[in-house]
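Participant: Take the sequence shown: its letter number 81 is residue 80 in numbering that gives the first Met the number 0, and every next letter is one higher.
Idealized CB from N, CA, C, for every residue including glycine.
Please read these numbers as outputs of a predicted model, since none were measured by experiment.
Sharing a structure, written as structure tokens. Questions coming.
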Amino acid sequence: MSHNPTQQNLSPATKLRALLENNALGFIMEAHNALSAKLATDAGFEALWASSLTLSASMGLRDANELSWSQVLDLVDPMLEFVETPVLVDADSGYGDFNIFGRFVRKASERGVAGVCIEDKAFPKRNSFANTSHELADIDDFCGMIRAAKDQQNSDEFCVVARTEAFVAGAGLSEALERASNYEVAGADALFVHSKQKTAFEIESFCRSWNGNIPLVIAPTTYASTPTADFVRLGIAAVIWANHGLRAAIKAMQDSYQQIAAERSVAGLEGNITSVSELLDITGTEDLIKKQDAYRPPIKKSGS
Ligand code: SPV
Ligand code: MG
Numbered sequence: 000m001s002h003n004p005t006q007q008n009l010s011p012a013t014k015l016r017a018l019l020e021n022n023a024l025g026f027i028m029e030a031h032n033a034l035s036a037k038l039a040t041d042a043g044f045e046a047l048w049a050s051s052l053t054l055s056a057s058m059g060l061r062d063a064n065e066l067s068w069s070q071v072l073d074l075v076d077p078m079l080e081f082v083e084t085p086v087l088v089d090a091d092s093g094y095g096d097f098n099i100f101g102r103f104v105r106k107a108s109e110r111g112v113a114g115v116c117i118e119d120k121a122f123p124k125r126n127s128f129a130n131t132s133h134e135l136a137d138i139d140d141f142c143g144m145i146r147a148a149k150d151q152q153n154s155d156e157f158c159v160v161a162r163t164e165a166f167v168a169g170a171g172l173s174e175a176l177e178r179a180s181n182y183e184v185a186g187a188d189a190l191f192v193h194s195k196q197k198t199a200f201e202i203e204s205f206c207r208s209w210n211g212n213i214p215l216v217i218a219p220t221t222y223a224s225t226p227t228a229d230f231v232r233l234g235i236a237a238v239i240w241a242n243h244g245l246r247a248a249i250k251a252m253q254d255s256y257q258q259i260a261a262e263r264s265v266a267g268l269e270g271n272i273t274s275v276s277e278l279l280d281i282t283g284t285e286d287l288i289k290k291q292d293a294y295r296p297p298i299k300k301s302g303s
């Protein structure tokens, strides 16, 4: 996961497509705001997942389409401004019908989003890990949404990732395979097969039976202990670490807030938290100071 200087002039969509289509296993890291996008980029991640779960949670909302699609784009915008890392936007179940999803894709691609992921669930969506039933979308309707997205994207490189929730809904392997094949025919650039099991057995069974040609994407949140080497062996194209940035931040903030509240002092935290100067560095404050010198006339002394 090193930065490749030859990639610097490529469009975000081209970079994401390369990550999905090359032979190496790619890693896509969750980001929910510009700062987390920058930290993930600095850690070497070559693509970002704008997660509906973490974008919603960071706004105090449920992952149930409480954020509107235009709010999602407004939250993604600062990430696009701060980093050049391609962003794959989690577009839930497409926000309605082919028409609304097509318009979303046009707007997203015009703003510089590299790709979108749409999942085959009813609207409003329910988070895959929520303790509830999951209603799958009609296959033909969903294929129409994929086709509308491909028609509305603003570049050939833009990536539409189709996600099947067949396993999450308890519909089994043959349903997952049938859906995946239909989504490939409809024009999906990659297939995200999701599972909420504690081991990767569903993913393994899918990979062994799948004979499609588009790259496979997974999010090992519940089967997190599966060795990454297994995903390589299964021929997975990309792994999404879907929520780990925000979960790490929540724990760190909870611990710090509790310590400060208990000790009625911040003295015990210093050394264990980011310094103010590092915080200033992250946003390029030094660069701004240099620019101030270049752009502003010297301050005149009074009387001169
Ligand atoms: C998300 O990160 O919002 C996802 C992945 O869609 S999951 O939460 O597993 O559904
Ligand atoms: Mg989501």
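Since V112 contacts V82 with CB under 8 Å, what's their CB separation in whole angstroms?
Facilitator: Actually they do not touch by this definition, with Cβ atoms about 13 Å apart.
Participant: Can you tell me which residues form a DSSP beta bridge with G25?
Facilitator: In DSSP, G25 forms a bridge with A237.
Participant: What residue range does the beta strand (DSSP E) around T163 cover?
Facilitator: Note, T163: beta strand (DSSP E), 158-163.
Participant: Out of G143, M252, T225, point me to the one whose CA is closest to S194's CA.
Facilitator: S194 has its Cα closest to that of T225, out of G143, M252, T225.
Participant: Taking the beta carbon of K309 as the centre, do at least 16 other beta carbons fall within 10 Å, making it buried, or is it exposed?
Facilitator: Shown here, the chain extends from 0 to 303; a query on residue 309 therefore has no answer.
Participant: List the residues that DSSP assigns as beta-bridge partners of L87.
Facilitator: In DSSP, L87 forms a bridge with W48, G114.
Participant: Return yes when at least one heavy atom of ligand 1 lies under 7 Å from the C-beta of D119, else no.
Facilitator: Checking every heavy atom of ligand 1 against the Cβ of D119, none is found closer than 7 Å.
Participant: Say yes only if the C-beta of L52 is nearer than 7 Å to one or more non-hydrogen atoms of ligand 3, and no if none qualify.
Facilitator: Ligand 3 is not part of the structure shown, which contains ligand 1 and ligand 2 as its ligands.
Participant: May I ask you to check if the CB of S69 is nearer than 7 Å to at least one heavy atom of ligand 1?
Facilitator: Checking every heavy atom of ligand 1 against the Cβ of S69, none is found closer than 7 Å.
Participant: Rounding to the nearest angstrom, what Cα-Cα distance links N130 and K197 in this structure?
Facilitator: Roughly 15 Å separates the two Cα atoms.
Participant: If I'm right that A12 touches G114 with Cβ under 8 Å, what's the distance once you round it to whole angstroms?
Facilitator: Right, the Cβ-Cβ distance comes to about 6 Å (below 8 Å), so this counts as a contact.
Participant: Any contact of the segment 270-281 with the segment 116-127, i.e. 3+ C-beta pairs under 8 Å?
Facilitator: Taking 8 Å as the limit for Cβ pairs, the verdict is that the segment 116-127 does not touch the segment 270-281.
Participant: Only counting the same chain, and skipping five residues up and downstream in sequence, which positions put a Cβ closer than 7 Å to that of F103?
Facilitator: Closer than 7 Å at the Cβ level, and outside the excluded window around F103, lie W68, A90, Y94.
Participant: Applying the 10 Å Cβ sphere with the 16-neighbour rule, what's the burial state of Y256?
Facilitator: The residue is exposed, with fewer than 16 neighbouring Cβ atoms inside 10 Å.
Participant: Where do the ends of the beta strand (DSSP E) carrying I217 lie?
Facilitator: Taken as a continuous stretch (DSSP letters only), the beta strand (DSSP E) holding I217 covers 215-217.
Participant: Hey, how far is the Cα of L54 from the Cα of D73?
Facilitator: So the alpha carbons of these two residues sit roughly 11 Å apart.
Participant: Hey, would you say the C-beta of D62 is under 7 Å away from at least one heavy atom of ligand 1?
Facilitator: Checking the Cβ of D62 against ligand 1 gives yes.
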